[in-house]
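There are 2 protein chains.
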Amino acid sequence: MAFRSLSARISHVLATPQTGHFRTSIVPALDVDLRGIPGDRHYGFTRPAGARERWYAAGMEMRSGRQLSVVSVEELKQIATRLEIERVEPGWIGANVVVAGVPQLTLLPWGARLVCGDGAVLVNEGDNAPCRFAGAEIARHFPDRPGLDRLFPKAAIDLRGIVASVERAGTIAPGPLTVKLPQQKPWPGGTLL
Amino acid sequence: MAFRSLSARISHVLATPQTGHFRTSIVPALDVDLRGIPGDRHYGFTRPAGARERWYAAGMEMRSGRQLSVVSVEELKQIATRLEIERVEPGWIGANVVVAGVPQLTLLPWGARLVCGDGAVLVNEGDNAPCRFAGAEIARHFPDRPGLDRLFPKAAIDLRGIVASVERAGTIAPGPLTVKLPQQKPWPGGTLL
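Each protein sequence line maps, in turn, to chains L and F.
Take the first sequence: its letter number 163 is residue 163 in this note's numbering, and every next letter is one higher.
Take the second sequence: its letter number 126 is residue 126 in this note's numbering, and every next letter is one higher.
(1) Restricting to Cα atoms, I'd like to know which of F:Gly91, F:Arg66, F:Met60, F:Ala51 is closest to Ser25 (chain F).
(2) Considering Cα atoms alone, identify which of F:Arg145, F:Arg9, F:Ile138, F:Phe3 is closest to Arg87 (chain F).
(3) Taking 8 Å as the cut-off, does the stretch 46–60 of chain F touch the stretch 132–152 of chain F (at least 3 CB pairs, one atom from each stretch)?
(4) Taking the alpha-carbon of Arg66 (chain L) as reference, which of L:Ala58, L:Ala156, L:Val163, L:Leu83 has the nearest alpha-carbon?
(5) Buried or exposed for Gly126 (chain L), going by 16 or more other Cβ atoms inside 10 Å?
(6) Go ahead and pull the three-state DSSP assignment for Lys180 (chain L).
(7) Kindly list the residues whose CB is nearer than 6 Å to the CB of Ile79 (chain F), restricted to its own chain and excluding five residues on each side of it in sequence; keep chain order.
(8) Less than 8 Å between CB atoms is the rule here; does Ala100 (chain L) satisfy it with respect to chain F?
(9) Does the beta carbon of Pro28 (chain F) sit closer than 8 Å to a beta carbon anywhere in chain L?
(10) Taking Cβ positions only, does Ala8 (chain L) come closer than 8 Å to chain F?
(11) Checking contacts by CB at 8 Å: is Arg63 (chain L) closer than that to chain F?
(12) Within the 8 Å Cβ cut-off, does Pro182 (chain F) reach chain L?
(13) Please compile the residues from chain F whose C-beta is within a distance smaller than 9 Å of the C-beta of Glu75 (chain L).
(14) With distance defined between alpha-carbon atoms, name the residue in L:Trp187, L:Gly59, L:His141 nearest to Pro199 (chain L).
(15) Opposite Ala164 (chain F) in the DSSP bridges: which residues?
(16) Along chain F, which residues have their Cβ under 9 Å away from the Cβ of Trp92 (chain L)?
(17) Helix, strand or coil for Ala129 (chain L)? Go by DSSP, reduced to three states.
(18) Under a three-way DSSP split, which group does Leu34 (chain F) fall into?
(19) May I ask you to list, following chain order, the residues of the stretch 132–146 of chain L that have a beta carbon less than 9 Å from some beta carbon of chain F?
(20) I need the boundaries of the beta strand (DSSP E) containing Phe22 (chain F), first residue and last residue.
(21) Does His21 (chain L) pass the burial test, meaning 16 or more other C-beta atoms within 10 Å, or should it be called exposed?
(22) Going along the chain, which residues of its own chain have a beta-carbon closer than 8 Å to the beta-carbon of Pro186 (chain F), five neighbours each way excluded?
(23) Identify every residue that forms a DSSP beta bridge with Ile172 (chain L).
(24) Contact between the stretch 109–117 of chain F and the stretch 34–45 of chain F: three or more CB pairs below 8 Å?
(25) Using the C-alpha atoms, what's the distance from Leu83 (chain L) back to Arg63 (chain L)?
(26) Is the beta carbon of Thr171 (chain F) sitting closer than 8 Å to the one on Gly101 (chain F)?
(27) Is the beta carbon of Arg145 (chain L) sitting closer than 8 Å to the one on Ile93 (chain L)?
(28) Answer yes or no: does any C-beta atom of chain L fall closer than 8 Å to that of Ser165 (chain F)?
(29) Compare the C-beta of Pro130 (chain F) with all C-beta atoms of chain L and state if any pair is closer than 8 Å.
Right, here's the structure in full:
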């Protein structure tokens, strides 16, 4: 596996207050282990299957690739522009890590590594599908914009960031970020489908 | 996350005898849980970092994406042709699942799901880097071909199959296989590096 590297930075990190809700708030740093963020609702190697996995029985224990949610400053701005609102705060949609300087974070190849300073290393487990619950949280901040919740999933396509799991335990804090990209080899079998 | 599907089949499944060696032998079926194959040397959500991860301290506990090794009948034939030998048996190189009918298995996009009949579901965690230890096992069967071990890593590039982790527990046995492919969106940031 050959990797190339890209230098970027971590702008903020956020954690879930102990409320059970998915909203997150800015904290100075996250100390993660291989199960994710201790105390977080997404902590664990496994999770129950939910609405995103309609092909599995609801509640079935499955491998989790959703330990953390990562978004980018630039993409949140694009979502806000599309929705014609002033801003989308990362905490409203439950983000844990906000990065800056990663071009098109959401399209980053699966398996890309996010090396957080000399601390934790995250693995990109794919783009985070925008959902209406996150849309409802955004809408709550713009009460004069009825229907905003339903606009979010479409406006956020390819901009909502990625989900990640922890490959190396450690600290995640604002500062330098190195993105390690696996070689992108297009799979030619795709033309057969 | 949109997926497309491809129908293929599982030709054989193999497990490690209780020897500690990486060689595998054909078994009727594998019953896997979310940690992999119970009793196998690669069983677990985590593993110690090794020679493949020179950027981590040797032995550091890290996330494991190597629960199972998957190879294809077609690619093993191509490796044998390149090495000018009669065959490469999947057990020699420690494979657990042998598939047939998946075009260029090794280049399959990361995150592709392998749905094994109505049993286990595996997640593609990327191509398996060919190593000289596997080469040495092949060479052992062709004593009249000195140096074959060192030819293997190059001959097997893009043909050595993938590593996978278990997303849904269940059985893996010879029979139908459905490959679910995540949308392939080229990451345009690659041109910036």
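Backbone N, C-alpha and C define an ideal beta-carbon position, used for all residues, glycine too.
Judging by the given coordinates:
(1) F:Gly91
(2) F:Ile138
(3) Counting C-beta pairs closer than 8 Å gives fewer than three between the stretch 132–152 of chain F and the stretch 46–60 of chain F, which falls short of the contact rule.
(4) Checked all of L:Ala58, L:Ala156, L:Val163, L:Leu83; the closest Cα to Arg66 (chain L) is L:Val163.
(5) buried
(6) strand
(7) Same-chain partners within the cutoff: Val88, Ala155, Ala156, Leu159.
(8) no
(9) By the rule that beta-carbons nearer than 8 Å mark a contact, Pro28 (chain F) does not touch chain L.
(10) Output row for Ala8 (chain L): interface = no.
(11) Interface residue, yes.
(12) yes
(13) Within 9 Å Cβ-Cβ: nothing; Glu75 (chain L) doesn't reach chain F, min ~12 Å.
(14) Nothing can be reported for residue 199 (chain L): it is not among the residues displayed for chain L, which extend from 1 to 193.
(15) F:Leu68, F:Asn124
(16) Result: empty, since nearest Cβ-Cβ is about 22 Å, beyond 9 Å.
(17) Residue state, collapsed to three classes: coil.
(18) It is coil, neither helix nor strand.
(19) none
(20) Here Phe22 (chain F) belongs to no beta strand (DSSP E), and DSSP marks it neither H nor E.
(21) Exposed, because fewer than 16 other Cβ atoms sit within 10 Å of the Cβ of His21 (chain L).
(22) none
(23) L:Leu30
(24) no
(25) 34 Å
(26) no
(27) no
(28) For Ser165 (chain F), a Cβ of chain L is located within less than 8 Å of the residue's own Cβ.
(29) no
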